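Peer 1: Residue numbers (UniProt numbering): 1 to 152. No residue lacks a Cβ here, since even glycine has one placed at the ideal position from N, Cα and C. Remember, predicted model here, so these are calculated numbers, not experimental data.
Next comes the structure, spelled out in structure tokens:
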């Protein structure tokens, strides 16, 4: 699956959600789930607010989509995330048949601010480039990582 031509719109929305979440006291992660050019769910990281280690932005978007659609089958969707999905979020996307994942900031971008999931990748032996789902890192130089991760 290739990224739709309007992918920057959705990636910007994911980053905007992450920024809003930081302003509300949350962690800097947002996600948008899209099918056929329509947003079907969004999520932000609520891990600290809910004391729930699984409340990542991508997980929240998948949960909301499943509840509102009455199905966990997300075939044909693209999951747009502000940051590189952690292995848990990758597994959830795979299990729900998400068609592709796109994100803006990788672990190397997040690491200086303490938000990298690379230690989890390393401990589990997961490689972002070896996923059964197409995963795209999309550069957005007009949206530097420091603007989001340093906003706290």
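For a quick check, are the C-beta atoms of residue 110 and residue 3 less than 8 angstroms apart?
Peer 2: Cβ atoms of residue 110 and residue 3: not closer than 8 angstroms.
Peer 1: CA-CA distance, residue 151 and residue 44?
Peer 2: Spanning the two alpha carbons is a distance of roughly 16 angstroms.
Peer 1: Let me know the secondary structure DSSP gives residue 41 once reduced to three states.
Peer 2: Three-state DSSP puts residue 41 in a strand.
Peer 1: When you compare the CB positions of residue 30 and residue 14, do they come within less than 8 angstroms of one another, or not?
Peer 2: For residue 30 and residue 14, yes; Cβs fall inside 8 angstroms.
Peer 1: So does the region 101-120 actually touch the region 60-72, counting three or more Cβ pairs closer than 8 angstroms?
Peer 2: In short, these stretches do not touch, since the Cβ pair count stays below three.
Peer 1: With distances taken between CB atoms, is the gap from residue 33 to residue 87 smaller than 8 angstroms?
Peer 2: Cβ atoms of residue 33 and residue 87: not closer than 8 angstroms.
Peer 1: Would the beta-carbon of residue 59 fall within 8 angstroms of that of residue 27?
Peer 2: For residue 59 and residue 27, no; Cβs fall outside 8 angstroms.
Peer 1: I need the straight-line Cα distance from residue 121 to residue 7, nearest angstrom please.
Peer 2: Roughly 26 angstroms separates the two Cα atoms.
Peer 1: Let's see if you can read the secondary structure: which residues bound the beta strand (DSSP E) around residue 35?
Peer 2: Residues 30-35.
Peer 1: From this set, 138, 147 and 95, which residue's C-alpha is nearest residue 131's C-alpha?
Peer 2: For residue 131, the nearest C-alpha among the options comes from 95.
Peer 1: Which class does residue 115 belong to by DSSP, given the choice of helix, strand or coil?
Peer 2: Residue state, collapsed to three classes: coil.
Peer 1: Looking at residue 79 and residue 91, is the spacing between their C-beta atoms short of 8 angstroms?
Peer 2: No, the pair does not count as a contact, with Cβ atoms beyond the cut-off.
Peer 1: Can you find a CB in chain C that lies within less than 8 angstroms of the CB of residue 16?
Peer 2: No chain C appears in the structure shown, which is made up of a single protein chain.
Peer 1: Do you know offhand how far residue 57's Cα is from residue 1's?
Peer 2: If you take the alpha carbons of residue 57 and residue 1, they lie about 22 angstroms apart.
Peer 1: Between residue 10 and residue 70, what straight-line distance do the alpha-carbon atoms span, to the nearest angstrom?
Peer 2: Taking the straight line joining both Cα atoms gives about 23 angstroms.
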